[in-house]
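Presented below is the structure to which this report refers.
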């Protein structure tokens, strides 16, 4: 039985090729090849051969390579946000800890030998404004907007000064962790960026939930009478 993931996708990463229907076999094969190698270097013929489907079957499900790329990126996006939701919605977390949980979610995938960086940063490099792939470009843009909105939703309950600036700073730390970890494989980088995120958020806290107490520079102090 095929296991459904977020928004109706089958969890192709968690199943063997033989257990999947033709469409999901194509998606799993493409996902493996695109992420491990690159999108532009992998041709349709190789995907057809390694997925074990007929060419007619491939084009029935994906009329073009661009359609397959966009589907692959949507699948990766949903898997990523499912992981973020699991990390940030754990019981007992404070609003500040929910933001920092994004960095906790990064640690395991960044340690994996199969880690090859962010598929959307890689996709952006291969399908920038000069590429004639509007569907792929729109999918990449949608991911970055979705991540922005996700971080903004976590930051909103904190009552920060200049919250939008804080969102951009957190996003920079998250993407920086992913990009640099691709070469260093050092989980200490994520921990350092998590600490930096905590400091900048605490510094922007306007007030705590307790009357007469305010936050400043990461310290709790009594407000003047």
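In full-length UniProt numbering, the protein residues as written are 1 to 225. Idealized CB from N, CA, C, for every residue including glycine. This structure is a prediction, so every number in the text was calculated from the model and none was measured.
Beta-bridge partners of residue i, as assigned by DSSP
| i | result |
| --- | --- |
| residue 205 | 160 |
| residue 12 | Answer by DSSP bridge pairing: none, since residue 12 is not bridged. |
Segment limits, alpha helix (DSSP H) that includes residue i
| i | result |
| --- | --- |
| residue 84 | 65 to 88 |
| residue 95 | 95 to 111 |
| residue 31 | 22 to 36 |
| residue 155 | 134 to 155 |
| residue 18 | Careful: residue 18 lies outside any alpha helix (DSSP H) and carries neither H nor E. |
| residue 123 | 119 to 126 |
Beta-carbon separation (whole angstroms), residue i vs residue j, contact threshold 8 Å
| i | j | result |
| --- | --- | --- |
| residue 137 | residue 127 | 6 Å |
| residue 148 | residue 124 | Not confirmed; about 15 Å, so no contact. |
| residue 37 | residue 75 | The pair is not a contact, with the Cβ atoms about 17 Å apart (cut-off 8 Å). |
| residue 112 | residue 72 | Rounded, the Cβ-Cβ distance is 19 Å, inconsistent with contact. |
| residue 152 | residue 167 | 5 Å |
Residue i, buried or exposed, once every other Cβ within 10 Å from all chains shown has been counted against 16
| i | result |
| --- | --- |
| residue 184 | exposed |
| residue 88 | buried |
| residue 160 | buried |
| residue 199 | exposed |
| residue 139 | buried |
CB contact below 8 Å: residue i versus chain B
| i | result |
| --- | --- |
| residue 44 | Structure shown: chain B not included; a single protein chain is present. |
Decide if the stretch 104 to 116 is in contact with the stretch 58 to 66; the criterion is three or more beta carbon pairs, one per stretch, under 8 Å apart. no
Would you call the stretch 8 to 26 in contact with the stretch 46 to 57, where contact means no fewer than 3 C-beta pairs closer than 8 Å? yes
Give a yes or no on contact between the stretch 173 to 187 and the stretch 107 to 123, applying the rule of three or more CB pairs nearer than 8 Å. yes
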